[in-house]
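In my numbering, the protein residues as written are 170 to 324.
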């Protein structure tokens with residue numbers, strides 16, 4: 170089980186908070202249970218009411234992750250409290266679906282200075298290959314999040 174570290178604020182030299190975290194929720198699937206379970210998938214699609222996450226799209230996501238059965242699938246991030254409530258109220262009908270709390274990074278000035286502040290992203294295949302080939306001294310695994318660009322990438 171991986172526990173995500175709390176990330177700190179990024180503050181300017183004059184004390185202004187530039188980047189901070191805010192609490193959020195995400196829908197997570199246990200692919201071993203959900204994959205192929207049309208009732209659960211259709212019910213979840215109706216609750217999410219997202220044109221990008223139709224029942225067919227959810228099944229496709231499960232199929233694409235069939236080789237990673239033991240790794241939970243984060244289906245949707247930053248869901249509103251109403252959706253959390255709907256999923257929790259129908260928990261008995263949604264076996265293999267759970268809600269996880271997470272933190273969402275908030276950049277108070279939008280894209281300004283994004284090239285300096287950077288962002289986190291899932292480790293890429295190229296980064297994993299460089300590690301395997303001995304080109305870096307990192308210890309990443311598939312699914313890890315790493316700094317991309319800016320001070321988040323500073324090593």
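Backbone N, C-alpha and C define an ideal beta-carbon position, used for all residues, glycine too.
Exercise. In three-state DSSP terms, what is residue 263?
Worked result: Within the chain shown, the letter at position 94 stands for residue 263. Looking at residue 263 - three-state DSSP - the assignment turns out to be coil, as it is neither helix nor strand.
Problem set entry | Segment contact, 8 Å Cβ cut-off, at least three pairs: the segment 180–187 with the segment 226–235 | no
Exercise. Around the Cβ of residue 304, are there at least 16 other Cβ atoms within 10 angstroms (buried) or fewer (exposed)?
Worked result: Taking the chain shown and counting its residues from 1, one reaches residue 304 at position 135. With fewer than 16 other Cβ atoms within 10 Å, it is exposed.
Problem set entry | Cutoff 8 Å; reference residue 323; Cβ partners in own chain excluding five residues on either side | The residue you call residue 323 lines up with position 154 of the chain shown. Note that residue 323 scores a pLDDT of 49, beneath 50, so its modelled location is shaky and nothing firm can be said.
For this session: Pull up the DSSP beta-bridge partners for residue 291, would you.
Result: Here residue 291 refers to the residue found at position 122 of the chain shown. BP columns for residue 291 point to 314.
For this session: Determine the direct distance from the alpha carbon of residue 227 to that of residue 220, and round the result to whole angstroms.
Result: The residue labelled residue 220 in the question sits at position 51 within the chain shown. The residue labelled residue 227 in the question sits at position 58 within the chain shown. Each residue's Cα considered, the two are about 11 Å apart.
Exercise. Hey, would you say residue 271 sits closer than 7 Å to residue 193, going by beta carbons?
Worked result: Within the chain shown, the letter at position 102 stands for residue 271. Within the chain shown, the letter at position 24 stands for residue 193. The answer is yes: Cβ separation under 7 Å.
Problem set entry | In chain order, each beta strand (DSSP E) run of at least 3 residues that lies wholly inside the segment 175–232 | 186–198
Exercise. Closer than 7 Å, CB to CB, is residue 272 near chain B or not?
Worked result: The chain labelled as chain B is not found in the depicted structure, where only one protein chain is given.
For this session: Starting from residue 256, trace the alpha helix (DSSP H) both ways and give me its first and last residue.
Result: Taking the first residue of the chain shown as 1, we reach residue 256 at position 87. 250–258 is the span of the alpha helix (DSSP H), which, as asked, contains residue 256.
For this session: Work out the CA separation of residue 211 and residue 259 for me, nearest whole Å.
Result: The residue you call residue 259 lines up with position 90 of the chain shown. The residue you call residue 211 lines up with position 42 of the chain shown. About 13 Å.
For this session: Please name the residue or residues paired with residue 271 in a DSSP beta bridge.
Result: Here residue 271 refers to the residue found at position 102 of the chain shown. Answer is 193.
For this session: Compute the Euclidean distance between the alpha carbons of residue 302 and residue 263, then round it to the nearest angstrom.
Result: What you label residue 302 is simply residue 133 of the chain shown in a count that begins at 1. What you label residue 263 is simply residue 94 of the chain shown in a count that begins at 1. Straight-line Cα distance between these residues: approximately 43 Å.
Exercise. Going straight from the alpha carbon of residue 229 to that of residue 249, what length do you get?
Worked result: As a first step, residue 229 is located in the chain shown; it is residue number 60 there, counting from the start. As a first step, residue 249 is located in the chain shown; it is residue number 80 there, counting from the start. Cα to Cα, residue 229 sits roughly 24 Å from residue 249.
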